[in-house]
């Protein structure tokens with residue numbers, strides 16, 4: 002007889018509701034130690050709907066650890082059998098070193114917006130040279146479409162994406178093609194609708210971060226809350242065969258425990274990796290600019306494998322677009338780019354104008370490999386958090402867009418592409434939600450206006466996130482691949498990624514081996530990558546850059562000419578040469 006359990010220390014009485022064979026059945030659960038309630042329940046079989054009744058209320062609440070929510074986050078849960086037939090027994094996994102990530106949102110990656118439909122596009126990623134597919138959160142959220150960061154049932158796969166078996170089919174298909182899967186998970190807050198956790202127990206503590214109430218990581222009864230998070234992370238890696246987790250906004254995790262949650266998580270994942278015989282990776286999104294994220298636990302760090310590096314993005318974006326508002330104010334110079342390419346962080350104890358204070362800590366460039374920093378030209382945040390959701394091709398020239406690709410894909414970092422970037426997709430990707438509650442819909446739109454105004458964006462361009470067009474217009478237009486302009490950009494990305502693979506010096510992660518020469522006024526730079534040089538002219542006119550080279554390996558446009566001790570570069574172009 003299956004045992005059903007739930008942690009509900011806030012309740013004085015808990016009943017299990019289930020619906021076997023269409024018959025409502027309510028069973029009293031027995032109180033156990035530490036706030037747990039349990040019952041051996043006849044009829045608690047896979048495919049049967051169930052939920053919990055707390056105290057004397059008659060509203061059925063979903064299971065906080067529900068694996069499936071066929072009727073949404075406000076409906077009952079459904080018992081799920083982990084009996085998927087995997088075909089990836091020979092999958093050895095992939096490490097972060099040498100990786101090339103591709104971030105995508107399941108709901109807008111294909112017209113159907115499902116995990117099964119995404120499988121049909123995996124060969125495109127393989128041909129491109131991708132090693133890791135990174136999925137935005139797939140946990141269950143309120144409504145039909147959403148970015149995924151409003152999740153409230155962390156253990157359930159959003160039903161509109163296909164549910165848990167669809168995610169397993171997707172991961173299995175990726176592994177068959179040699180692709181690793183990275184999953185974005187959110188442990189710093191829960192969404193505004195469908196969050197029933199406070200009814201069960203002290204999942205939260207006093208205080209708020211940017212997105213909601215603080216998760217109780219260090220207060221009274223915090224141990225089960227931490228286990229709730231740790232168990233979820235291990236579930237994705239073990240049960241769903243996911244290879245890596247991207248941990249959203251870890252700077253919003255307020256934890257004063259003797260062992261920080263991230264350090265405890267990295268220890269658990271390291272042990273699971275040893276048992277499973279494949280590498281498992283943890284990547285943080287962190288605004289701290291603090292090497293503690295990837296410093297080994299035995300050295301006082303959290304022991305994660307890497308982190309997103311916003312400073313690299315900001316340097317490249319400001320340089321290519323000319324934008325200087327909001328957090329771009331300190332970026333955009335060649336000197337800033339030279340610093341991040343050799344030191345990892347721009348703000349490493351320096352004054353941040355946007356924050357109004359000194360920010361960050363220095364990276365040990367001699368012992369910290371660059372692959373620990375995930376870098377990009379675009380990602381879901383940097384596109385979707387613009388007022389109109391406009392991509393980089395709308396705000397810079399075609400020439401500079403190509404230069405940006407060269408700089409990113411020859412850097413010492415782990416490159417990440419945002420879906421459609423490789424063909425300069427024209428589709429915008431604004432923030433979108435589908436909250437059915439009118440008051441929540443109104444508050445969401447109002448909140449975006451206030452946030453964008455603080456960051457200096459033009460609020461007149463803001464798209465109503467509740468407008469269905471915000472979602473439907475964000476779907477990638479795959480037919481663009483047949484158009485010459487987009488096909489040309491795709492060809493450039495493929496050539497660059499092939500060269501990065503064929504020339505190991507272009508992916509050498511040693512920060513202390515990178516040297517950057519530049520002329521701020523003339524607007525050109527030369528990046529030393531072993532015996533190779535990456536040369537970019539960001540000016541609006543052709544110019545000659547001094548470099549002694551023996552062979553031209555790559556150029557973004559025709560007209561790049563190698564001469565004696567110099568390289569002639571047309572306006573807004575780049576080349577890669579071999580010296581000696």
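Numbering (our numbering), first residue to last: 2 to 581.
Even for Gly, the Cβ is constructed at its ideal location relative to N, Cα and C.
Just measuring C-alpha positions, the residue of 564, 351, 367, 417 sitting nearest residue 361 is 351.
Residue 250 and residue 160 have their C-alpha atoms roughly 25 Å apart. Between the stretch 92-102 and the stretch 219-236, the count of Cβ pairs shorter than 8 Å is below three; the stretches do not touch.
Restricting attention to 278, 75, 84, the CA atom closest to the CA of residue 48 is found in 84. By DSSP's assignment, residue 11 forms no beta bridge with any residue. In the DSSP assignment, residue 276 falls within the unbroken alpha helix (DSSP H) covering 262-277. Cβ-Cβ distances below 8 Å link residue 186 to 138, 140, 155, 233, 234, 237, 246, 247, 248, 249 in the same chain, with the five nearest sequence neighbours on each side left out; the list follows chain order. In the displayed model, residue 35 falls within a helix according to three-state DSSP. Within the DSSP bridge table, the entry for residue 377 names 417 as partners. Counting only residues of its own chain and dropping the five nearest sequence neighbours on each side, residue 500 has a CB closer than 6 Å to the CB of 555.
Where residue 237 is concerned, the enclosing alpha helix (DSSP H) starts and stops at 223-239. Residue pairing by DSSP places residue 547 opposite 567 in a beta bridge. Straight through space, the alpha carbons of residue 33 and residue 52 are spaced by roughly 18 Å.
In the structure shown, residue 300 falls within a helical segment according to DSSP collapsed to helix, strand and coil.
Distance from the Cα of residue 6 is smallest, within the candidate group 40, 430, 28, 213, for 40.
Beta-carbon to beta-carbon, residue 305 and residue 263 are separated by about 6 Å, close enough to satisfy the 8 Å threshold. Under the Cβ criterion (8 Å, minimum of three pairs), the stretch 538-545 counts as touching the stretch 517-525. The alpha carbon of residue 482 has as its nearest neighbour, out of 493, 426, 445, the alpha carbon of 426.
In the structure shown, the three-state DSSP call for residue 190 is coil. Taking the Cβ atoms as the reference, residue 546 lies roughly 7 Å from residue 567, within the contact range of under 8 Å.
Between the alpha carbons of residue 57 and residue 45 lies a gap of roughly 22 Å.
For residue 347, no beta strand (DSSP E) encloses it, and the DSSP letter there is neither H nor E. DSSP places residue 22 within a helical segment (H, G or I) once states are collapsed to three. Looking at the backbone, the Cα of residue 470 and that of residue 487 are separated by about 24 Å.
In the structure shown, residue 501 falls within a helical segment according to DSSP collapsed to helix, strand and coil. Secondary structure of residue 449 (DSSP, three-state): helix. Here DSSP, grouped into helix, strand and coil, assigns residue 156 to strand.
A distance of 8 Å or more separates the beta carbons of residue 198 and residue 206.
Check the Cα spacing between residue 82 and each of 115, 240, 20: the tightest is with 240.
According to DSSP, residue pairing for residue 5 in a beta bridge involves 40. For residue 123, the secondary structure class from DSSP, reduced to helix, strand or coil, is helix. Residue state for residue 205 is assigned as strand, using DSSP reduced to three classes. For residue 341, the closest alpha carbon among the candidates 479, 357, 376, 88 is that of 376.
Linking residue 573 to residue 498 through their CA atoms gives a straight-line distance of about 20 Å. In the three-state scheme derived from DSSP, where H, G and I count as helix and E and B as strand, residue 464 is classed as coil.
Straight-line spacing of the CA atoms in residue 386 and residue 168 works out to 27 Å.
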